[in-house]
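In what follows, a structure is listed as structure tokens, so that the remarks can point back to it.
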Amino acid sequence: SRVRVTGDWFPRYLWSTDANASVTWELDVPATGNFILSIRYPGDPNLDHATDARLRIFQHGAVLAERRLNLRENSLHWDQIESVRLEGNCPCRIMLDQSENTGSLVLFEPRLAPTR
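Note that my numbering gives residue 1259 to position 47 of the sequence shown, counting from 1, and the numbers run on in steps of one.
Set out below in structure tokens:
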């Protein structure tokens, strides 16, 4: 997997107050099938994380799913976000950004797991 950040970030890319910031993960998809996307992100002791972040899942340049997230909630543990059907041998991208600045954007960690 690979991660890319855009915009201005504080040291070690832990958070950004830049309205144009984004975090994009590119994940390998080993086989075609249904997957559950889970994410986790750091806690919010200062209550300044974004309350309306936008998480999108892309494959072949098309948006497969989009969710709004309050990054002040459900932190520090894996949260199941979406079930998606993905094509094998084609990476998918998971992007977190904001359409308007509602607080700090934070670096997150994604996990794809095949459904059973």
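For glycine and all other residues, C-beta sits at the position ideal for the given N, C-alpha and C.
Determine the DSSP secondary structure at residue i, reduced to helix, strand or coil.
i       : result
Pro1242 : coil
Pro1322 : strand
Arg1332 : Nothing in the structure corresponds to residue 1332, since the chain is present only between 1213 and 1328.
Arg1284 : coil
Classify residue i as buried or exposed, calling it buried when 16 or more other Cβ atoms lie within 10 Å of its own Cβ.
i       : result
Asp1220 : exposed
His1261 : buried
Pro1223 : exposed
Gln1292 : exposed
Ser1225 : First, the amino acid is wrong: residue 1225 is Tyr here, not Ser. Under this definition Tyr1225 is an exposed residue.
Ala1325 : exposed
Ala1233 : buried
Within its chain, find whatever has a CB closer than 7 Å to the CB of residue i; leave out the 5 residues flanking it on each side and keep chain order.
i       : result
Gly1300 : Val1241, Pro1242, Ala1243 and Thr1244
Ser1316 : Trp1227, Ser1228, Thr1229, Asp1260, His1261 and Ala1262
Ala1231 : Gln1310 and Asn1313
His1289 : Arg1252
Ser1287 : Tyr1253, Pro1254, Gly1255 and Asp1256
Ordered along the chain, which non-local residues of its own chain (more than five positions away) have a Cβ less than 6 Å from that of residue i?
i       : result
Ala1265 : Leu1281, Leu1283, Leu1308 and Gln1310
Leu1321 : The residue asked about is misnamed: residue 1321 is Glu in this sequence, not Leu. These residues qualify, in order along the chain: Arg1252.
Arg1323 : Ser1250
To which residues of the same chain is residue i closer than 8 Å at the C-beta, ignoring the five residues directly before and after it?
i       : result
Arg1214 : Trp1237 and Glu1238
Glu1278 : Arg1266, Leu1267, Arg1268 and Ile1269
In terms of residues, what are the limits of the beta strand (DSSP E) holding residue i?
i       : result
Glu1294 : Asp1291 to Leu1298
Gln1271 : Ala1265 to Gln1271
Thr1218 : Arg1214 to Thr1218
Cys1304 : Cys1304 to Asp1309
Is there at least one Cβ from chain B nearer than 9 Å to residue i's Cβ?
i       : result
Ser1234 : This model lacks chain B altogether; it includes just one protein chain.
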